[in-house]
Amino acid sequence: MSKLQQNLLPIKLEQSQERLTSLAGLVLVEELGRAKGLWARVDELFGRPGSGRGYKASEYVRPLLWLLHAGGRRLEDVRELRAEQGVLAQMGLQRLPSADAIGDWLRRQGEAGGVRAAQQLSKELVWSYLESMPEEITIDPDATIIEANKREAEWTYEKVKGYQPMLAYVNEVCIHHEFRAGNEPAGARALGFIRAYERKLPPGKKLYLRSDSAYYQAEVINHYSEGGRTFSITADKDCAVKGAISQIREHQWQKFGLKDGLATDRQIAETVHCLEHTRKAFRLLVLRWPNRQPSLFEATPYCYHAVATNRAPSASEIIWEHNQRGESENWHKELKLGFGMEQLPCGQFAANALFFAIGVLAYNLGVLLKVEVLPEEYRHSTVQTLRWQLYRLAAKLVRHGRQWILKVRTDSEKLALLLAVRKKCYELS
1 MSKLQQNLLP
11 IKLEQSQERL
21 TSLAGLVLVE
31 ELGRAKGLWA
41 RVDELFGRPG
51 SGRGYKASEY
61 VRPLLWLLHA
71 GGRRLEDVRE
81 LRAEQGVLAQ
91 MGLQRLPSAD
101 AIGDWLRRQG
111 EAGGVRAAQQ
121 LSKELVWSYL
131 ESMPEEITID
141 PDATIIEANK
151 REAEWTYEKV
161 KGYQPMLAYV
171 NEVCIHHEFR
181 AGNEPAGARA
191 LGFIRAYERK
201 LPPGKKLYLR
211 SDSAYYQAEV
221 INHYSEGGRT
231 FSITADKDCA
241 VKGAISQIRE
251 HQWQKFGLKD
261 GLATDRQIAE
271 TVHCLEHTRK
281 AFRLLVLRWP
291 NRQPSLFEAT
301 PYCYHAVATN
311 RAPSASEIIW
321 EHNQRGESEN
331 WHKELKLGFG
341 MEQLPCGQFA
351 ANALFFAIGV
361 LAYNLGVLLK
371 VEVLPEEYRH
381 STVQTLRWQL
391 YRLAAKLVRH
401 GRQWILKVRT
411 DSEKLALLLA
421 VRKKCYELS
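1 is the number of the first residue of the sequence shown in this note's numbering; add one for each residue after it.
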């Protein structure tokens, strides 16, 4: 036996003409989309094709959602779906445009207002989930940077070229977003962005805005000081805030501990503050801790962190709650790394904006899959976990009598899970 034969497995590789797939679990994504009426609404909002032989809008959006859930990173990865279309066609993917056709559609629809249609789809998709939430809901607006070497990309504050979309989250789902140039700051057109996402929220809810210093603006604070709204916003450490901190007396500082009772080296105090154009004063909560690395130009004994708020609980409780806004970074990570939005496929801004909007739609559909139909143990799973445990299932499609049967290669427990999810999708529809 030669050395080459010793290093290879004693098997032969041959092409199979059987109806096989490695993506049987994507039937869950397809059926949840059907239960929500997603594909029909895509065709209504995007309009019909120009000819009877053309692809419908859903025949572009559906493979993109499948692709992003399956882990595809580029439009060319649609070829991987085409390789299994003999089975996927029976799972809902009847027609599959080429990567070039999808790119052309993104460019056409991006210039024709397709982003608004995709945003409307996301609004309708998450509406019932938002309605089921408690009386007060927390909104976390935040920007994220997508690095891109595109001709139209602009320089960001992180000194890389790309885009800087602004997103608003409520308990993980993205309720609104704006795809922006890389050089546009997160705080730009803040009140317009706020009013846009508020129109997408169910009426009668109390709104709590939780933001970083990008929204430390008079018009934002004025807006969230009215109508039962509340806010906690990281304050800029400008001269006025530093002056207010300097007026806090030593006896006002109290020990600050973590929510679980653990002690820290931090102290907390509060004062009253206002901006030049705010109509009401607000609480300014201040944390301080020893400055162990004083600079040559600012050798102060303490470092400070300030939060502006009009909420009623104790200072420590508000800080605990405010610090949870860091979850938005995990949601950004899931959207960008989990659903492939860290790289954009087109050279045109409008086409990338639409691709990003469809990415948000895929992300929201993934959240609802975990919240509404999967068991509780999947609630905090990432899409990578779903791919490994649910989506990447081997199956064979067979015809028995007049019925197609998808024979999934898995254990009885997971098959029972798939059947239970299908039943929940049927009930949702």
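Yeah, the Cβ is synthetic: ideal placement off N, Cα and C, and Gly gets one too. Model, not experiment: these values are computed from the prediction.
CA-to-CA, the gap between residue 46 and residue 394 works out to about 34 Å.
By the Cβ rule, the stretch 132–146 counts as touching the stretch 168–180, because three or more pairs are nearer than 8 Å.
Between the beta-carbon of residue 163 and that of residue 146 there is about 5 Å, and that keeps the pair under the 8 Å contact cut. Taking each of 143, 353, 239, 249 in turn and checking the Cα distance to residue 214, the smallest one comes out for 143. The three-state reading of DSSP puts residue 152 in coil, since its state is none of H, G, I, E or B. The beta carbon of residue 111 sits closer than 6 Å to those of 350, all from its chain and outside the five residues before and after it, given in chain order.
A direct Cα-to-Cα measurement between residue 372 and residue 250 gives close to 51 Å. As DSSP reads the structure, residue 80 sits in no beta bridge.
The Cβ neighbour count for residue 97, taken over all protein chains shown within 10 Å, is at least 16; the residue is labelled buried. Partner residues in the beta bridge of residue 211, as assigned by DSSP, are 233.
Comparing alpha carbon positions, the residue from 57, 67, 89 closest to residue 340 is 67. Only residues of its own chain outside the window of five on either side were considered, and among them 190 have a CB closer than 6 Å to the CB of residue 220, listed in chain order. Distance from the CA of residue 54 to the CA of residue 368, rounded to the nearest whole angstrom, comes to 31 Å.
DSSP places residue 282 within a strand segment (E or B) once states are collapsed to three.
Taking residue 282 as the centre and dropping the five residues before and after it, the same chain places the C-beta of 308, 310 closer than 6 Å to its C-beta, in chain order. Sequence-distant Cβ neighbours of residue 332 in its own chain, meaning closer than 8 Å and more than five residues away, are 142, 144, 167.
In the assembly as shown, residue 119 is a buried residue. Its beta-carbon has 16 or more other beta-carbons within 10 Å. Where residue 63 is concerned, the enclosing alpha helix (DSSP H) starts and stops at 58–70. For residue 373, there is no enclosing alpha helix (DSSP H), as DSSP marks it with neither H nor E.
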